[in-house]
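Taking it in order: structure first as structure tokens, then the write-up.
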Amino acid sequence: VAANAIAIVGSNPVSGMTLMTLILTSVIMVAAGLNGTAGMTAALIIGGVVCTALSVAGAFITDLKIGYWIGTTPKVQETWKFLGTLVAAATVGGVIIVLNKTYGFTGENALVAPQANAMAAVIEPLMSGGGAPWLLYGIGAVIGIFLTIFKVPALAFSLGMFIPMELNLPLIVGGAVAWFVSTRSKDDKLNNVRKERGTLLASGFIAGGALMGVLSAILRFSGINVLNIEWQSSSAAQGIALVAYILIMLYIVIKCLQVKKADE
């Protein structure tokens with residue numbers, strides 16, 4: 048996994064490695080006699096540490112490669128990476144608390160957290176004495192091997208198995224848009240440049256959407272409710288959202304196809 052992350056830009060399978068860590072940690076703790084709520088808490092702490100380490104290390108490996116291309120030095124990158132990590136550590140905890148107080152992660156109209164639910168589904172049977180579903184894990188491993196043989200991304204396939212359809216559908220649409228813009232020319236280099244521009248645009252929309260989600264949670268947490276829940280669920284609101292979604296897709300397609308040369 049580490050070699051793959053070093054060789055490929057943007058390869059950082061944090062969720063998969065975290066799940067493996069939780070499984071192994073839970074098995075070891077149960078064997079040592081630590082289970083129940085205390086065992087779950089300990090497993091989550093270990094999983095959180097490993098998850099954070101994987102995320103930071105994987106992202107920094109990519110940063111180092113990009114830094115080499117643009118001519119910076121590892122020393123400068125390390126300095127700012129540490130500062131960025133400190134800022135993130137100081138803010139992420141507060142953001143999670145605000146999201147939990149505002150929307151919650153369980154119950155009706157809660158925030159969707161499929162990966163967290165998957166991790167809970169892994170820990171609870173082990174810590175409650177039910178044992179791990181090793182047969183299902185084995186079947187998943189065999190499916191992963193066959194997917195790799197047929198050059199189908201195993202991680203993307205597995206994520207699609209447990210992520211809700213309302214989150215999967217935009218991924219499918221995005222994949223269709225990426226395929227469309229990267230197959231309009233006979234020049235492979237031009238197709239790749241167009242696809243990379245689309246990736247940059249999509250990344251900006253993802254970051255912007257996340258920031259607006261946090262901003263709306265902060266406003267609601269502060270008692271400033273600017274959202275009309277009744278209107279949000281109306282047909283008019285759904286229609287406007289669909290039109291906006293289509294316009295965003297058209298914008299991305301047009302901006303990508305505006306690239307006429309591979310060196311732009």
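Every letter in the sequence shown is one number past the one before it in the numbering used here, and letter 189, counting from 1, is 236. The beta carbon of each residue, even a glycine, is placed where N, CA and C say it ideally should be.
TODO: Answer with buried or exposed for N59, where buried requires no fewer than 16 other C-beta atoms within 10 angstroms of its C-beta.
DONE: buried
Open item on the list: Which same chain residues end up closer than 7 angstroms to G178 when comparing Cβ atoms and leaving out the 5 residues on each side of it in sequence?
Closed with: P172
Open item on the list: Please state whether the Cβ-Cβ distance between R244 and V306 is less than 8 angstroms.
Closed with: yes
TODO: Count the other C-beta atoms from every protein chain shown that fall within 10 angstroms of the C-beta of A90, then say buried if there are 16 or more, exposed otherwise.
DONE: buried
Task: Distance, I186 Cα to V199 Cα - done: 17 angstroms
Open item on the list: If contact is defined by three or more beta carbon pairs under 8 angstroms, each pair taking one atom from either stretch, is the segment 277-290 in contact with the segment 207-224?
Closed with: Counting Cβ pairs under 8 angstroms, fewer than three are found: no touch.
Open item on the list: Please classify T153 as buried or exposed, where buried requires at least 16 neighbouring CB atoms within 10 angstroms.
Closed with: With fewer than 16 other Cβ atoms within 10 Å, it is exposed.
Task: V159 - containing alpha helix (DSSP H), residue span - done: Note, V159: premise wrong, no alpha helix (DSSP H); not H, not E.
TODO: Please state if the CB of M166 and the CB of L81 are separated by a distance shorter than 8 angstroms.
DONE: no
- [ ] Taking the CB atoms as reference points, tell me whether G94 and T72 lie closer together than 8 angstroms.
- [x] yes
- [ ] Starting from the Cα of V300, find the closest Cα among A157, S229, G63 and give me that residue.
- [x] In terms of CA proximity to V300, S229 leads the group A157, S229, G63.
Open item on the list: Quick check on DSSP: helix, strand or coil for Y184?
Closed with: helix
Open item on the list: Taking 8 angstroms as the limit between beta carbons, can you name the residues of its chain near A249, skipping five residues before and five after?
Closed with: G221, I299
TODO: Flag this pair as touching only if the segment 235-242 and the segment 251-266 have three or more C-beta atom pairs under 8 angstroms; answer yes or no.
DONE: no
Open item on the list: With the cut-off set at 8 angstroms, would you say M76 and G63 are in Cβ contact?
Closed with: Between M76 and G63, the C-beta spacing is not below 8 angstroms.
Open item on the list: Given this structure, state the Cα-to-Cα distance separating I295 from L289, to the nearest angstrom.
Closed with: The alpha-carbon of I295 is positioned some 10 angstroms away from that of L289.
Task: A264 vs V145 beta-carbon contact at 8 angstroms - done: Yes, these two residues count as a Cβ contact at 8 angstroms.
- [ ] Determine the direct distance from the alpha carbon of L183 to that of K302, and round the result to whole angstroms.
- [x] 44 angstroms
TODO: Count the other CB atoms, across all protein chains shown, that sit within 10 Å of the CB of L66; report buried if there are 16 or more and exposed otherwise.
DONE: So L66 counts as buried.
Task: For V199, the three-state DSSP class (helix, strand or coil) - done: coil
- [ ] Please classify Y150: does DSSP put it in a helix, a strand, or coil?
- [x] coil
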